[in-house]
Ligand code: HEM
């Protein structure tokens, strides 16, 4: 939970610094990278995906997993459009697409973050 909180803070701070590319990019990349590594870690240590698929968790915990998964999937188009802007220098429609998916990712990640607290005590009883 501490790592998930740190990665959420990185992404939020990266969003706040969206007009300063030198801060925006490293902050969001560290946040996204940590999130992806965390999911891989949870999968290896706790078979998180199988647990989610079994529907053995409480509704709020299912919601946490659903929203966090949506956010994780949205990171990929966010990074695609972000790097495309950096490589081509193009802004226009690519920037519009980037902003759309990035804000959606942030929205679902933040909701997932709130619902994460329904997981409290699940593994550290
Ligand atoms: C969840 C993560 C992210 C969020 C919430 C986010 C959000 C945003 C937003 C809202 C803007 C528009 C700023 C404005 O109004 O001018 C923006 C611009 C931009 N972002 Fe991101 N972003 C994210 C990830 C990334 C990543 C991973 C990259 C690059 C690899 C990236 C590269 C850029 C670039 C190049 C711009 C254009 C800045 C300019 O106008 O020159 N972003 N981002």
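In the numbering used here, the protein residues as written are 60 to 184. The C-beta atom is built at its ideal place from N, Cα and C for all residues, glycine as well. As the structure is a prediction and not an experimental result, all values here were calculated from the model.
Run of the alpha helix (DSSP H) containing residue i, from where it starts to where it stops
| i | result |
| --- | --- |
| residue 113 | 107–113 |
| residue 119 | 118–147 |
Helix, strand or coil at residue i according to DSSP, with G and I counted as helix
| i | result |
| --- | --- |
| residue 67 | helix |
| residue 150 | coil |
| residue 61 | helix |
Rounded straight-line distance, which links the Cα of residue j to that of residue i
| i | j | result |
| --- | --- | --- |
| residue 64 | residue 147 | 33 Å |
| residue 83 | residue 171 | 22 Å |
| residue 90 | residue 112 | 26 Å |
| residue 130 | residue 168 | 5 Å |
| residue 179 | residue 60 | 9 Å |
Residue i and residue j closer than 8 Å at C-beta
| i | j | result |
| --- | --- | --- |
| residue 76 | residue 68 | no |
| residue 166 | residue 119 | no |
| residue 133 | residue 160 | yes |
Cβ-Cβ separation, residue j to residue i (assumed contact under 8 Å), whole Å
| i | j | result |
| --- | --- | --- |
| residue 93 | residue 62 | 6 Å |
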